[in-house]
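Below: one structure, written as structure tokens.
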Amino acid sequence: MEIIISHDGMKAISELDEDEIKWWRKKIGNVRARYILSPKLSIRNYIDTIKSEPDYHEKLRNTSAFIQQIRDETWKIYIESELLFYKSVIKELLEERAHPHDILATIISEGTLQELNALKNHKELLHKVSEIFGNFTGRIFPYFFELSKSVTNSRRSRAGKAFEEIIHSIMDGYLYPYDDQSKLGKKVFKEKGLGKMVDGILPTMKAYDTNRSKCLVVTMKTSLRERWQEVVEEINRTNVPSIHLLTLDEGISRNLLDTMRNHNITLVTYEKVKKRFEGEYTNIISFETLFNKEIPHIIEWWKITYPCDYLK
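Now the structure itself:
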């Protein structure tokens, strides 16, 4: 750890060494695990609280609004948990690391307390507290920098996993047969040549082995900036006849849809986004169309063609 002494004689941490970074990252992970539920548990817990509502199945049918509702409500819960995480992780940093503790103790001295008591109004108090907070943050900034990176990476990863769990929960709500990587494992998908870009198969992997052209092959991207072109590479490599790409991204362009159409990719998105391209493109559908029309049609075909098989 690199410590410098500023002109006023106070310490400041300019850089963390590898051992300290390793300790801090582990501490962040441990505290996060205590306060923040995994995306899977968070989504499932929320679904469990609304399953018994009389309009639950109506909400399922209005899939776009339902997806947005789940995301909004679980995000609020996540933010509340994250605030508790921040408080605890900084508290434990000050308890377990001497330099951050000593820096704060120097900034908030007996003289500082006397200054605070002498302040005349709320505005002066806010100004003084802001000075203290800024001084402390700047002097241990490498810790906050690592914390910020960790939170950013965690949020990005969480968004994708939460979306997958929402879709899985909707499949369960409709009682649709659906094999995804969380159920069968990544190894099975890899052995089938489906790689990491395919998130799920409907009705089942067994059905896919029999007649892949009559199955729904699903991949999910919260944002289409997330290298969605890899989906094209996956189609070309695996000979999947077509794929449904589910997304929450609202910034969809005609050029994007043209490219996807050329590669047999059907984009599945919010109803309001789909309406912008009404009558122009057949390779963009709403979540409502997917769950209320296309999937029932696929399942009906399998029931008629292979009675009692492939839907388990």
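My numbering runs 1152 ahead of the 1-based position in the sequence shown. Ideal Cβ positions, reconstructed from N, Cα and C, are used throughout, including at glycine. Keep in mind it's a predicted model, so treat the numbers as computed, not measured.
Worksheet entry | Option nearest A1217 by Cα separation, candidates W1454, E1423 and K1455 | E1423
Worksheet item: Measuring CB to CB, does M1357 end up less than 8 Å from T1371?
Response: no
Worksheet item: How about L1134 and I1404: do their beta carbons lie closer than 8 Å?
Response: Any question about residue 1134 goes unanswered here, given that the chain covers just 1153 to 1464.
Fill in: Bridge-paired residues (DSSP) for E1234
None; E1234 has no bridge partner.
Discussion item. Here's the rule: buried if 16 or more other CB atoms are within 10 angstroms of the residue's CB, otherwise exposed. What is C1460?
Written reply: exposed
Worksheet item: By Cβ distance below 6 Å, which residues in the same chain neighbour I1417 in space, the five residues on each side in sequence not counted?
Response: I1395 and L1397
Worksheet item: Thinking C-beta only, is I1255 closer than 8 Å to I1292?
Response: yes
Item to complete: Please determine, among I1155, S1240, S1158 and I1180, the residue with the shortest C-alpha to C-alpha distance to T1304.
Response: I1180
Item to complete: Apply the 10 Å Cβ neighbour rule to H1320 and answer buried if 16 or more other Cβ atoms are within range, or exposed otherwise.
Response: buried
Discussion item. Less than 8 Å between the C-beta atoms of S1240 and V1183, yes or no?
Written reply: yes
Item to complete: Could you tell me whether the Cβ atoms of T1399 and K1373 are closer together than 8 Å?
Response: yes
Worksheet item: Taking buried to mean at least 16 other C-beta atoms within 10 Å of its own C-beta, is V1383 buried or exposed?
Response: buried
Worksheet item: Under the rule that 16 or more other beta-carbon atoms within 10 Å means buried, what is R1213, buried or exposed?
Response: exposed
Worksheet entry | Segment limits, alpha helix (DSSP H) that includes H1415 | That residue, H1415, is in no alpha helix (DSSP H); it is neither H nor E in DSSP.
Practice prompt. Specify the secondary structure class of G1263 as computed by DSSP and reduced to three states.
Written response: helix
Worksheet entry | Simplified DSSP state of D1332, which is helix, strand or coil | strand
Worksheet item: Taking the alpha helix (DSSP H) that M1357 falls in, what are its first and last residues?
Response: M1357 to T1362
Worksheet item: What distance in whole Å lies between the Cβ atoms of L1376 and L1408, which are believed to be in contact at a cut-off of 8 Å?
Response: 7 Å
Discussion item. Bridge partners for S1438 per DSSP, in chain order?
Written reply: T1421
Worksheet item: To the nearest angstrom, how far is it from the Cα of P1294 to the Cα of K1344?
Response: 45 Å
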